[in-house]
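In full-length UniProt numbering, the protein residues as written are 1 to 266.
Don't be surprised by glycine CBs; every beta carbon is placed ideally from N, CA and C.
Predicted model, so just to flag it, every value in this text is computed and none were measured.
Presented below is the structure to which this report refers.
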């Protein structure tokens, strides 16, 4: 891992100046920390704010950038991209192409040589059409270039004192909506509020998938005993109804990354 870390530092040093696409997740936080330590004021973090990003995540990104000591801006986006309206299978490609084009424009206007993201070695194993957009735009992925796995990123983050070292994986709110279903801002807000509520109860690994008027809850299997307590079920059901869900259901398989990709022909 030390060799990979040294390789990461050399990659970033050779970039000379960089805009880090910063979500505040495990990967982008480590990338920003190493970039800041290596390049100082030749680094800036850019966080996208949009209806398809959770509000708590945007707040955390601001706080983390301050702790790291990096320059940081929020770049707003809307749902104006008509190609995303019905949540196509290649939504990640379309979204990343749009978002990273804007980040590249910002980098060019402000004299930064590169845009970098937190893609790591393990990301190649899942269905991730967004990676094609990154290649087409020549976005750098230093963690991937250094050969770092998710586990190595977590271990290194812990050694560096980053509070995100054990942060559960997260993804944009579009992944809560089935492919082919119309994206509505009020649905994204409802899902965001439902997930934030479950997190406030202490559940760490949470997804609320929207299926018509039903919210399908995914939590880690080790948290089943807690969520299945009668008073918790009644409490959750009541809050979900207040948020506009007619039904609340628990996925008996538990949380699994990329579950909405099941059945896709790749």
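#### Entry: the segment 208-223 in contact with the segment 171-189 per 3-pair CB rule at 8 angstroms
yes
### Task
Run the CB neighbour count on residue 66, radius 10 Å, all protein chains shown included, and call it buried at 16 or more, exposed below.
exposed
### Message
Under DSSP, the beta strand (DSSP E) around residue 215 begins and ends at which residues?
### Response
214-219
### Query
Can you list, in chain order, the residues of its chain whose CB lies under 8 angstroms from that of residue 4, leaving out five sequence neighbours each side?
146, 147, 148 and 152
### Task
Give, in chain order, every unbroken run of the beta strand (DSSP E) that is at least 3 residues long and sits entirely within the segment 56-99.
71-76
### Query
What did DSSP end up calling residue 265 once you bin it into helix, strand or coil?
Residue confidence for residue 265 is low, a pLDDT of 49 falling below 50, so the modelled location carries little weight and cannot support an answer.
### Task
With distances taken Cα to Cα, identify the nearest neighbour of residue 49 among 135, 82 and 77.
77
### DSSP beta-bridge partners of residue 47
74
### Message
Is it buried or exposed, residue 258, if we count other Cβ atoms within 10 angstroms and call 16 or more buried?
### Response
exposed
### Query
Which first and last residues belong to the alpha helix (DSSP H) in which residue 255 is found?
Premise fails: residue 255 is in no alpha helix (DSSP H) and is neither H nor E.
### Query
Nearest-angstrom Cα distance between residue 297 and residue 1?
This structure gives no information on residue 297, because the portion of the chain shown stretches from 1 to 266.
### Task
Compare the Cα-Cα distances from residue 122 to each of 52, 131 and 116 and report the closest residue.
131
### Message
For a quick check, are the C-beta atoms of residue 254 and residue 226 less than 8 angstroms apart?
### Response
no
### Query
Which same chain residues, not among the five before or five after residue 164, have their C-beta less than 8 angstroms away from its C-beta?
24, 25, 26, 29, 30, 64 and 157
### Task
Classify residue 119 as buried or exposed, calling it buried when 16 or more other Cβ atoms lie within 10 Å of its own Cβ.
buried
### Query
On the three-state DSSP scale, how would you describe residue 54?
coil
### Query
Which term fits residue 169, buried or exposed, when burial requires 16 or more other beta carbons within 10 angstroms of its beta carbon?
exposed
### Task
Would you kindly report the start and end of the unbroken alpha helix (DSSP H) that includes residue 198?
185-200
### Task
Look up residue 243 in the DSSP assignment and say whether it is helix, strand or coil.
coil
### Task
Report the residue from 15, 53, 96 and 137 whose alpha carbon sits nearest the alpha carbon of residue 40.
15
### Query
Does DSSP put residue 210 in a helix, a strand or coil?
strand
### Task
Using beta-carbon positions only, say whether residue 144 and residue 100 come within less than 8 angstroms of one another.
no
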